[in-house]
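What follows is a short report on a single structure.
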Amino acid sequence: MPNDDINKQDEEIQALLKAYPMPAAAAGFYDQALVRATHEGSRRQRNRWMLTGFGAAIAATIAVWVVGGMLLSSPQLPDANVAMPGVSIALEEPRTVNLVFASATPLASAMLTVSLPDGIELSGFPGQREITWETSLSEGRNLLPLTLIAVGPTGGELLARLEHDDRNRTFRLRVDVINGES
Amino acid sequence: MRPHFERLYRLAWRLTGAREEAEDLFQELLIKAYGKLDDLIDIDEPGSWLGRVMYNLFVDERRRFARRRMHTVEEGQLAGDGLEGLPGGDDPVQDNERLEKIRRLERALAQLSDEHCIVVLLHDTEGYKLAEIQELTGLPVGTIKSRLHRARSRLRDILRADGTIS
């Protein structure tokens, strides 16, 4: 392709990128962020001595080991019905659950689908029962943080289905709602 | 810190590609900066320092901040809420064309690696100089130039293939 054409295309792309929009911060966001930073910063300073003593034992999230040795590298993927892990969350209180996928080999372009039980939502995706995205897994541990919110008293099973090529595997996590039914 | 807020928020948005994650990243930065207020007073260029801290926070928690971007791409939506509040012009046909081009650009950007996407957005969209990106990321200028070149080249291939550019 002639250089002139490439230059013209580059100019078009530059113009597109230059005009690529983004919205301004929501009204009042900066003030709210400052207030939260002041409160949270003070709290963290108060708790620093505790963190020094207990280190990582104090965690804001629940670590759930969905599977220890990922079998995706093997030809067959048996169901992941090994002792289902579970978490309990309070109604309307966001709680981050870390799902950990351990993979024996890197997996490019794997599809991950999270299916939520009734009454449980993923923060940022209100009303969505099933969320799918493409992801790549590194060799070793891969962390997937999910911030769950119970919007109803009924818990249930959260399913995380991982697909790669023609193989797939489904992981189950029991979600109980405190002061609710399950 | 306030004079730097808008630039930092823009940086957070370009790194994460979505409002919720940008707000989280911005918030994390303020909390971190709160613990260093005494140091901040003595820093010559607090804006650069804050940007560097934000970038490091992003790198440390990339999976968390990258979640939304991955989702929206898969759902065939925009990478983030980038068109929210985009002012329209007088000509609806031109507006639609412009909107469609931006959508295609978003889809093309989503096909770049994070490293390439961030460099091209900071340099070509936000107007950061190479030295500023070096200051922010700690990468050698040669690496930044190379990523910029590859990102542009990849964008050219994608946008040419889908007919966005002639």
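Top line first, the protein sequences correspond to chains A and B. Under the numbering used here, think of the first position of the first sequence as 1, with each following residue one higher. Under the numbering used here, think of the first position of the second sequence as 183, with each following residue one higher. Glycine residues also receive a C-beta, built at the ideal position from the N, C-alpha and C atoms.
Measuring only the C-alpha atoms, how far is residue i from residue j?
{"i": "GLU210 of chain B", "j": "ALA37 of chain A", "result": "8 Å"}
{"i": "GLU314 of chain B", "j": "ALA160 of chain A", "result": "41 Å"}
{"i": "LEU193 of chain B", "j": "ILE120 of chain A", "result": "32 Å"}
{"i": "ILE213 of chain B", "j": "GLU40 of chain A", "result": "7 Å"}
{"i": "THR189 of chain A", "j": "HIS305 of chain B", "result": "Missing from the structure shown is residue 189 of chain A; chain A here goes from 1 to 182 and no further."}
{"i": "ARG174 of chain B", "j": "PHE240 of chain B", "result": "Residue 174 of chain B cannot be examined here, being either before or after the span of chain B that is shown, 183 to 348."}
{"i": "SER103 of chain A", "j": "LEU158 of chain A", "result": "21 Å"}
{"i": "PRO153 of chain A", "j": "PHE101 of chain A", "result": "28 Å"}
{"i": "VAL151 of chain A", "j": "ASP221 of chain B", "result": "43 Å"}
{"i": "THR113 of chain A", "j": "ALA90 of chain A", "result": "24 Å"}
{"i": "ALA27 of chain A", "j": "ARG172 of chain A", "result": "40 Å"}
{"i": "GLU130 of chain A", "j": "LEU116 of chain A", "result": "6 Å"}
{"i": "LEU294 of chain B", "j": "ASP344 of chain B", "result": "16 Å"}
Give a yes or no on whether 8 Å exceeds the smallest Cβ distance from residue i to chain B.
{"i": "ARG36 of chain A", "result": "yes"}
{"i": "PHE29 of chain A", "result": "yes"}
{"i": "ASP4 of chain A", "result": "no"}
{"i": "ILE120 of chain A", "result": "no"}
{"i": "PRO94 of chain A", "result": "no"}
Would residue i pass as an interface residue toward chain A - the criterion being a Cβ-Cβ separation below 8 Å?
{"i": "PHE208 of chain B", "result": "yes"}
{"i": "ILE347 of chain B", "result": "yes"}
{"i": "THR307 of chain B", "result": "yes"}
{"i": "ILE213 of chain B", "result": "yes"}
{"i": "ARG338 of chain B", "result": "yes"}
{"i": "VAL302 of chain B", "result": "yes"}
{"i": "GLU282 of chain B", "result": "no"}
{"i": "GLU314 of chain B", "result": "no"}
Got a sec? Which residues, its chain only, sit under 7 Å from residue i by beta carbon, not counting five neighbours each side?
{"i": "LEU147 of chain B", "result": "Since the displayed chain B opens at 183 and closes at 348, residue 147 of chain B lies outside it and no answer follows."}
{"i": "VAL301 of chain B", "result": "ILE315, ILE326, ARG329, LEU330, ALA333"}
{"i": "SER109 of chain A", "result": "GLU134, SER136"}
{"i": "HIS186 of chain B", "result": "PRO228, GLY229, LEU232"}
{"i": "TYR310 of chain B", "result": "LEU304"}
Cα-Cα, which of the options is closest to residue i?
{"i": "PRO145 of chain A", "options": "A:THR96, A:ASN3, A:THR170", "result": "A:THR96"}
{"i": "PRO126 of chain A", "options": "B:GLU202, B:GLY345, B:TRP231", "result": "B:GLU202"}
{"i": "LEU281 of chain B", "options": "A:SER115, A:ILE89, A:PRO21, A:GLU11", "result": "A:PRO21"}
{"i": "LEU143 of chain A", "options": "B:GLY217, B:TYR216, B:ASP242", "result": "B:ASP242"}
{"i": "ILE284 of chain B", "options": "A:ARG169, A:GLN128, A:LYS18, A:ASP5", "result": "A:LYS18"}
{"i": "ALA25 of chain A", "options": "B:GLU188, B:LYS218, B:ALA215, B:ASP296", "result": "B:GLU188"}
Does any CB atom of chain E fall closer than 8 Å to the CB of residue i?
{"i": "TYR310 of chain B", "result": "Note that chain E does not occur in the displayed structure, where the protein chains are A and B."}
Can you find the residues in the same chain that come closer than 6 Å, C-beta to C-beta, to residue i, ignoring five residues on each side of it along the sequence?
{"i": "ALA60 of chain A", "result": "No answer about ALA60 of chain A holds up, because its pLDDT of 33 lies below 50 and its placement is not dependable."}
{"i": "THR147 of chain A", "result": "PRO94, THR96, SER123"}
{"i": "LEU312 of chain B", "result": "VAL323, ILE326"}
{"i": "GLY86 of chain A", "result": "ARG174"}
{"i": "TYR191 of chain B", "result": "PHE208"}
Whose C-beta lies closer than 8 Å to the C-beta of residue i among residues of the same chain, with five residues either side of it excluded?
{"i": "ILE347 of chain B", "result": "ARG338, LEU341"}
{"i": "ILE225 of chain B", "result": "TRP231"}
{"i": "GLU205 of chain B", "result": "ALA194"}
{"i": "GLU92 of chain A", "result": "ILE149, ALA150, VAL151"}
{"i": "ARG196 of chain B", "result": "ILE300, LEU303, LEU304, THR307, GLU308"}
{"i": "ASN179 of chain A", "result": "ALA90, LEU91, PRO153"}
{"i": "GLU139 of chain A", "result": "SER103, ALA104, THR105, PRO106"}
Would you say residue i touches the ligand SAH, meaning its beta carbon is less than 7 Å from a heavy atom?
{"i": "LEU162 of chain A", "result": "Ligands are entirely absent from the displayed structure, and the ligand SAH is therefore not among its contents."}
Whole alpha helix (DSSP H) elements within the stretch 188-255 of chain B, 4-residue minimum: 201-216, 219-224, 228-242
Length at least 4, wholly inside the stretch 288-334 of chain B: the alpha helix (DSSP H) runs in chain order: 296-302, 312-319
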